[in-house]
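Take a look at the structure set out below.
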Amino acid sequence: MLFFTEEAPQVKSETPRLDTPLPKRPERMTYTISVTTGNRWSAETEADLYIQMFGDEMTSRRFYLQQEVDGKIERTLPVSAFYYLNSVPDESMTSQGRWEFILHNGMEDGTGGTTSNLNIIGYGTTGSSMMHVNNDKTMSTVPDTTLIQVDFGAIGDLLKVRFEADGAGEEPDYFLEWIELRDLDTEERIAVRIGKWMDVTGKRTKKPQAFREISIFRSGDQPLETQNYEGKVQGGDMSLLESGRLQAQLVGDFSDSGVFPLIYSEKKQILAVSAFVRESTHCPYRYLLKESKIRELDENKNYFKVLRFTDMEGLSTKNKKHKFNAETSDWLLEMSVMGKPEITPEVCICSGHDFYPMKFLPDESADEQYTYEIRGSSLDSLQKLRVGVGEVDDNERFYIKKMRLVNQTTKTVLRFPNVDTEFESNQVYEFSPVYPDVQPALNILYSISLATIASTGLFRAVINVIGEDGDSGMRTFYDNVPYAEGSKHNFDADAVNLGPLQDVEVLIEGDENSSWSVNITVGITDNGMQYVTDLANIPAPGQVVRLPLHQR
Numbered sequence: 003m004l005f006f007t008e009e010a011p012q013v014k015s016e017t018p019r020l021d022t023p024l025p026k027r028p029e030r031m032t033y034t035i036s037v038t039t040g041n042r043w044s045a046e047t048e049a050d051l052y053i054q055m056f057g058d059e060m061t062s063r064r065f066y067l068q069q070e071v072d073g074k075i076e077r078t079l080p081v082s083a084f085y086y087l088n089s090v091p092d093e094s095m096t097s098q099g100r101w102e103f104i105l106h107n108g109m110e111d112g113t114g115g116t117t118s119n120l121n122i123i124g125y126g127t128t129g130s131s132m133m134h135v136n137n138d139k140t141m142s143t144v145p146d147t148t149l150i151q152v153d154f155g156a157i158g159d160l161l162k163v164r165f166e167a168d169g170a171g172e173e174p175d176y177f178l179e180w181i182e183l184r185d186l187d188t189e190e191r192i193a194v195r196i197g198k199w200m201d202v203t204g205k206r207t208k209k210p211q212a213f214r215e216i217s218i219f220r221s222g223d224q225p226l227e228t229q230n231y232e233g234k235v236q237g238g239d240m241s242l243l244e245s246g247r248l249q250a251q252l253v254g255d256f257s258d259s260g261v262f263p264l265i266y267s268e269k270k271q272i273l274a275v276s277a278f279v280r281e282s283t284h285c286p287y288r289y290l291l292k293e294s295k296i297r298e299l300d301e302n303k304n305y306f307k308v309l310r311f312t313d314m315e316g317l318s319t320k321n322k323k324h325k326f327n328a329e330t331s332d333w334l335l336e337m338s339v340m341g342k343p344e345i346t347p348e349v350c351i352c353s354g355h356d357f358y359p360m361k362f363l364p365d366e367s368a369d370e371q372y373t374y375e376i377r378g379s380s381l382d383s384l385q386k387l388r389v390g391v392g393e394v395d396d397n398e399r400f401y402i403k404k405m406r407l408v409n410q411t412t413k414t415v416l417r418f419p420n421v422d423t424e425f426e427s428n429q430v431y432e433f434s435p436v437y438p439d440v441q442p443a444l445n446i447l448y449s450i451s452l453a454t455i456a457s458t459g460l461f462r463a464v465i466n467v468i469g470e471d472g473d474s475g476m477r478t479f480y481d482n483v484p485y486a487e488g489s490k491h492n493f494d495a496d497a498v499n500l501g502p503l504q505d506v507e508v509l510i511e512g513d514e515n516s517s518w519s520v521n522i523t524v525g526i527t528d529n530g531m532q533y534v535t536d537l538a539n540i541p542a543p544g545q546v547v548r549l550p551l552h553q554r
């Protein structure tokens, strides 16, 4: 979402009405732009962003937001609303809910006029109010403007306004181009573009609705988002309905929508038994509404069924039209690093319980840019990236700042948020890629406790924690204290959520005559759950022993 503020030399004159020609535009303007990123998973980006403004007379240069990676993504955003800064009121002035609307009706070709009357509902911070407006010739003979003054009363600061066509007369449909608003108490002025039909008959649009809503824009305040909701109402027999038509309305904590018709499908008979609602095709979840009650709507024995929210369900947002299939894939990883250049991390890509090491591609010209590749790998779905380093001196530091993984076969680009990680000696971290509109997998800190029963020789312990959704990989645990009889050692392993824990694998590296008997406990730091094994007996170095985990 973008907010533009336009500053120009002030002209000493009375505040003009919205339809009054503005003074001659100065040759140079100063614009202040506020950028608000999306709130969906993977809505942010690591590509360079720039802003470019398009006016009636010329186009500005590109203004880049400083970032550190390559790649450009471009979107053209039409202006949806104006807030006139020369109308900012005195702070001592408060709104009493009295507003003036100038409706710009119809299209330039003369279509879009209506015989409907209007209901105008204002929603404020403390309540809502409705006003009924009778039709006049300015609404039926278009293009034209209609001046309306309403008193919403004590509803607090106005947040949104809904305009409803009641469907009266021979031309009930109504096209509303844009609206000018003025607070009669504070003299705030706003202009909001609509450019849509209030489709009463269902002949103008694929998804008809007899109302349109606008969000009130104010300087310094973020307006309410305009959402496109879609959903289905599933049911059975409609034979008892007189008209064969069903209408619905969405009701939220803050406000509600207008009433809209349900589109009947012959393949799937529809009746209000259960329903689900989704904000958009990019939203990774939908609302399920299964609890219902029948209520009487009015004295004419019209009834409605209330479907209440019961649960949320996750959804995939992949576009099937752009699905790429490949038996094998070539992957290229770009890694931005900082620190000791002699350190080369080991990297592998993981899918479930399978992992594939990536090959490091040396490049002397890019000390702070590492590149890895793997060719011909076969993955069901890439789950995570595992990165580990070897010895790092106490006075040295090694950081991985950013990573970008490209499937060169399907052209899929995956990124890893919040990588910025410092590695110490022999540390391993896992990173989950973010897919658009898919909830990212969480990292879990697993605590591993080793209680030595008996041991011979000097060795290091290597542990792999295995869960239903994957494993941690073999982690080597270094400790200056020998694994003597009766000693306890505690280590942590950071890994992408492995799901319910199932098994643990253990081996030792060290003297040829080394052996080890140990009790292993694996804990999950977040929830305090603990899993234990039976006594593990490792008879020699390099021999892997696998034991089931039991929840304590």
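Following the working numbering, the numbering of the sequence shown begins with 3 at its first residue and continues without gaps.
All C-beta atoms in this analysis are idealised placements derived from N, C-alpha and C, irrespective of residue type, glycine included.
Since the model is a prediction, treat every value here as computed from it, not as a measurement.
Range covered by the alpha helix (DSSP H) that runs through residue i
i	result
Thr140	139 to 142
Rounded straight-line distance, which links the Cα of residue j to that of residue i
i	j	result
Val500	Glu514	First, the amino acid is wrong: residue 500 is Leu here, not Val. Taking the straight line joining both Cα atoms gives about 33 Å.
Asp471	Ile218	47 Å
Val261	Phe165	12 Å
Phe425	Phe400	6 Å
Asp395	Glu348	17 Å
Trp101	Pro419	46 Å
Tyr125	Val194	16 Å
Ser367	Thr346	16 Å
Lys361	Ser379	12 Å
Phe170	Leu149	Before going further, note that residue 170 is Ala rather than Phe in the sequence given. Each residue's alpha carbon lies about 20 Å from the other.
Glu232	Tyr176	22 Å
Gly2	Ile402	For residue 2 there is no data in the structure shown, the boundaries of the chain being 3 and 554.
Arg310	Leu248	17 Å
Leu291	Lys234	10 Å
Asn397	Ser331	40 Å
Gly114	Asn107	7 Å
Leu391	Asp159	It should be noted that the sequence gives Val, not Leu, for residue 391. Answer to the nearest angstrom: the Cα atoms are 56 Å apart.
Trp43	Val436	Reliability of the predicted coordinates at Trp43 is poor, the pLDDT of 48 falling under 50, and no value is obtained from them.
His552	Tyr533	5 Å
Backbone secondary structure at residue i - three-state DSSP
i	result
Met337	strand
Lys325	In this prediction, Lys325 scores a pLDDT of 47, lower than 50, which makes its location untrustworthy; the coordinate-derived value is nonetheless stated afterwards. In the structure shown, Lys325 sits in coil (DSSP, three-state: anything other than H, G, I, E or B).
Glu172	coil
Ser97	coil
Ala193	strand
Asn539	strand
Phe557	The first residue shown for the chain is 3 and the last is 554, placing residue 557 beyond what the model contains.
Ala497	strand
Gln249	strand
Thr312	strand
Ser489	coil
Gln54	coil
Asp528	coil
Gly126	strand
Arg554	coil
Arg63	coil
Thr116	coil
Asp332	strand
Ser516	coil
Val394	coil
Ala167	strand
Endpoints, beta strand (DSSP E) assigned at residue i
i	result
Glu348	348 to 353
Val546	First-last for Val546: undefined, no H or E at that position.
Leu178	176 to 185
Val389	386 to 390
Val261	It is not in any beta strand (DSSP E) - Val261 carries neither H nor E in the DSSP assignment.
Arg377	371 to 379
Ile345	Run containing Ile345: none; DSSP gives neither H nor E here.
Asn136	Segment: none, Asn136 is in no beta strand (DSSP E) and carries neither H nor E.
Gly108	First-last for Gly108: undefined, no H or E at that position.
Arg206	No beta strand (DSSP E) holds Arg206; DSSP gives it neither H nor E.
Met405	400 to 409
Thr478	477 to 479
Val483	Here Val483 belongs to no beta strand (DSSP E), and DSSP marks it neither H nor E.
Pro359	356 to 359
Glu507	503 to 512
Cβ separation of residue i and residue j, assumed to be a contact under 8 Å, to the nearest whole Å
i	j	result
Phe103	Leu183	6 Å
Gly525	Ser449	4 Å
Asp201	Ser97	32 Å between Cβ atoms; not a contact.
Pro484	Ser516	Not confirmed; about 11 Å, so no contact.
Test: residue i CB closer than 8 Å to a CB of chain B
i	result
Glu110	Among the chains in the structure shown there is no chain B, since it carries only a single protein chain.
* Segments of 3+ residues assigned as beta strand (DSSP E) that fall wholly inside the segment 208 to 237 -> Listed in chain order, the beta strand (DSSP E) runs fully inside the segment 208 to 237 are 213 to 217, 232 to 236, counting runs of at least 3 residues.
* **Runs of beta strand (DSSP E) lying entirely within the segment 419 to 470, each at least 3 residues, in chain order** => Listed in chain order, they are 423 to 425, 430 to 433, 445 to 458, 461 to 469.
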